[in-house]
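One line per chain: the protein sequences are B and P, in this order. Here our numbering is used: the first residue of the first sequence is 719, the next is one more, and so on. Here our numbering is used: the first residue of the second sequence is 719, the next is one more, and so on. The structure under discussion appears below in the form of structure tokens.
Number of protein chains: 2
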Amino acid sequence: MPTPDDTTAGAPDVLPGADAYGPVQRRLLVSAVRCFAANGFHGTTTRDIAGGAGLSPAALYVHFPSKELALYEIVRLGHRHAYDILVAARADGPSGPGERLAALVDAYTRFHAQWHVLARVCQYDLGALRPEHYEEVLRTRHETNEIFRVAVAAGVDDGTFDPGLDVRRVARALISLAIDLVRWYRPDGPETPEQLGAFTAQLALRLVARPGGR
Amino acid sequence: MPTPDDTTAGAPDVLPGADAYGPVQRRLLVSAVRCFAANGFHGTTTRDIAGGAGLSPAALYVHFPSKELALYEIVRLGHRHAYDILVAARADGPSGPGERLAALVDAYTRFHAQWHVLARVCQYDLGALRPEHYEEVLRTRHETNEIFRVAVAAGVDDGTFDPGLDVRRVARALISLAIDLVRWYRPDGPETPEQLGAFTAQLALRLVARPGGR
Numbered sequence: 719m720p721t722p723d724d725t726t727a728g729a730p731d732v733l734p735g736a737d738a739y740g741p742v743q744r745r746l747l748v749s750a751v752r753c754f755a756a757n758g759f760h761g762t763t764t765r766d767i768a769g770g771a772g773l774s775p776a777a778l779y780v781h782f783p784s785k786e787l788a789l790y791e792i793v794r795l796g797h798r799h800a801y802d803i804l805v806a807a808r809a810d811g812p813s814g815p816g817e818r819l820a821a822l823v824d825a826y827t828r829f830h831a832q833w834h835v836l837a838r839v840c841q842y843d844l845g846a847l848r849p850e851h852y853e854e855v856l857r858t859r860h861e862t863n864e865i866f867r868v869a870v871a872a873g874v875d876d877g878t879f880d881p882g883l884d885v886r887r888v889a890r891a892l893i894s895l896a897i898d899l900v901r902w903y904r905p906d907g908p909e910t911p912e913q914l915g916a917f918t919a920q921l922a923l924r925l926v927a928r929p930g931g932r
Numbered sequence: 719m720p721t722p723d724d725t726t727a728g729a730p731d732v733l734p735g736a737d738a739y740g741p742v743q744r745r746l747l748v749s750a751v752r753c754f755a756a757n758g759f760h761g762t763t764t765r766d767i768a769g770g771a772g773l774s775p776a777a778l779y780v781h782f783p784s785k786e787l788a789l790y791e792i793v794r795l796g797h798r799h800a801y802d803i804l805v806a807a808r809a810d811g812p813s814g815p816g817e818r819l820a821a822l823v824d825a826y827t828r829f830h831a832q833w834h835v836l837a838r839v840c841q842y843d844l845g846a847l848r849p850e851h852y853e854e855v856l857r858t859r860h861e862t863n864e865i866f867r868v869a870v871a872a873g874v875d876d877g878t879f880d881p882g883l884d885v886r887r888v889a890r891a892l893i894s895l896a897i898d899l900v901r902w903y904r905p906d907g908p909e910t911p912e913q914l915g916a917f918t919a920q921l922a923l924r925l926v927a928r929p930g931g932r
């Protein structure tokens with residue numbers, strides 16, 4: 719069985735907002751993120767998580783009585799953080815629909831590059847959550863996606879974007895462009911999160927542009 | 719542990735080109751695709767695969783002496799099939815760079831929707847291959863991606879597409895749009911593979927269009 723993702727083995731930044739946790743809980747969550755990202759939820763044991771944190775399995779149970787509860791904490795944290803970043807990007811003053819959409823796509827893309835290990839778990843291990851936890855996370859996902867739909871619709875409504883756009887499907891495509899990079903992004907690759915964010919924002923403006931007028 | 723993806727439990731079509739295998743081998747591979755897609759490579763045991771095919775673990779070993787060899791066969795088959803579909807779409811007579819790129823994106827998107835269970839394994843479990851198998855699959859991936867790069871470059875070179883396009887990154891974005899649907903596509907959703915293919919092809923033409931001229 720492979721060890722957790724070597725590319726992030728030395729990085730302390732697989733967990734945004736880690737200060738909200740005590741030191742032991744934080745070590746356990748960081749280990750769990752790495753184990754899930756490397757081997758999947760079903761391929762990870764509680765012993766793997768505890769061992770990665772330098773603790774005994776018993777210590778894990780004090781903080782997370784089940785492996786699923788550790789996943790739930792991680793997935794909830796990741797989704798909430800992504801949502802907060804979008805709310806901040808939207809509020810950050812860009813005035814027109816084009817600027818606002820570009821800012822959202824830029825921020826969402828950078829999030830997925832910067833936190834790619836965490837984001838991989840959030841996207842690929844979602845189905846392992848218990849139904850009530852899954853439902854809760856789905857609500858956050860819906861609110862997140864709605865931010866993109868509202869931003870696309872605003873530009874359609876005021877005539878900045880192509881009036882013939884299928885708002886829901888175009889928003890879904892923009893979200894795909896930002897999220898798919900967790901499948902292939904590596905921090906030692908040629909592009910920084912900032913470069914990826916700026917480029918994807920440019921693509922977003924191409925996708926929504928009025929025919930014949932940019 | 720969840721059972722393999724219920725949405726495909728009754729579907730015989732998780733394995734394209736299944737006729738190339740004998741009946742037992744085919745049952746084993748179909749079971750392996752479903753197990754890997756549902757629980758990941760590391761979360762699947764050889765017993766799961768054999769049991770899903772109604773066979774004993776010993777029967778599995780006759781055909782696939784290791785779990786990795788079953789994954790290798792599946793991932794190789796999936797990548798080869800996707801490549802063949804693109805080669806066929808390219809040869810299928812569309813005359814201009816726009817039509818040709820649209821045909822490629824359409825075909826690649828339909829492939830990922832139609833064979834979404836297999837494609838999920840091909841995308842998400844790739845890292846579990848042995849290095850020499852991984853290298854071989856990477857070569858097919860490179861050839862596949864190259865088809866898109868060549869198609870984008872052809873339209874840039876002859877002036878059909880925006881001359882300022884970053885060919886490599888735009889091709890990557892088109893590939894992302896086609897592949898990302900394995901993350902969220904469900905066969906009982908509102909869109910057919912054909913509808914998804916046609917829509918994504920439209921998006922592709924928007925991404926490459928010359929400013930101010932469509």
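We put the beta carbon where it would ideally sit given N, CA and C, even for glycine. Being a predicted model, the structure only gives us computed values, none of them experimental.
Less than 8 Å between CB atoms is the rule here; does residue i satisfy it with respect to chain P?
i: B:Asp724; result: Only weak support is given to the placement of B:Asp724: the predicted model assigns it a pLDDT of 37, under 50, and the value that follows is read from those uncertain coordinates. False, the Cβ-Cβ gap to chain P never drops below 8 Å.
i: B:His860; result: no
i: B:Gly758; result: yes
i: B:Gly770; result: no
i: B:Gln832; result: no
i: B:Pro778; result: Correcting the residue type first, residue 778 of chain B is Leu in the shown sequence and not Pro. Not an interface residue.
i: B:Leu822; result: no
i: B:Glu853; result: no
i: B:Leu921; result: yes
i: B:Leu925; result: yes
i: B:Tyr707; result: Lying before the first or after the last residue shown, residue 707 of chain B is absent from chain B, which here runs from 719 to 932.
Taking residue i as part of the alpha helix (DSSP H), name the residues at either end of that continuous run.
i: B:Tyr779; result: 775-781
i: B:Glu850; result: 849-875
i: B:Leu787; result: 785-809
i: B:Arg887; result: 885-897
i: P:Val926; result: 911-926
i: B:Ala754; result: The residue asked about is misnamed: residue 754 of chain B is Phe in this sequence, not Ala. 741-757 is the extent of the alpha helix (DSSP H) around B:Phe754.
i: B:Asp824; result: 815-832
i: P:Arg765; result: 764-770
For residue i, return the contacting residues in chain P, with the cut-off set at a CB-CB distance below 9 Å.
i: B:Leu895; result: Ala891, Ser894, Leu895, Asp898
Can you find a C-beta in chain B that's less than 8 Å from the C-beta of residue i?
i: P:Phe917; result: yes
i: P:Arg901; result: yes
i: P:Leu795; result: no
i: P:Gly761; result: yes
Along chain B, which residues have their Cβ under 7 Å away from the Cβ of residue i?
i: P:Arg887; result: Phe917
i: P:Tyr842; result: Tyr842
Between the segment 810-829 of chain B and the segment 862-879 of chain B, do at least 3 Cβ pairs fall closer than 8 Å?
yes
Please confirm if the segment 787-797 of chain B is in contact with the segment 881-888 of chain B, defined as three or more CB-CB distances below 8 Å between the two stretches.
Under the 8 Å Cβ criterion, the segment 787-797 of chain B does not count as touching the segment 881-888 of chain B, having fewer than three qualifying pairs.
Touching by the beta-carbon criterion (3+ pairs, under 8 Å), the segment 826-836 of chain P and the segment 892-903 of chain P:
yes
Tell me whether the segment 832-849 of chain P and the segment 748-767 of chain P touch, counting them as touching only if at least three CB pairs, one residue from each stretch, are closer than 8 Å.
yes
So, does the segment 740-747 of chain P touch the segment 909-924 of chain B, judging by three or more C-beta pairs under 8 Å?
no
Closer than 8 Å is the cut-off here; do at least three beta carbon pairs connect the segment 781-789 of chain P with the segment 852-866 of chain P?
no
Is the number of C-beta pairs between the segment 770-779 of chain B and the segment 803-812 of chain B that are closer than 8 Å three or more?
no
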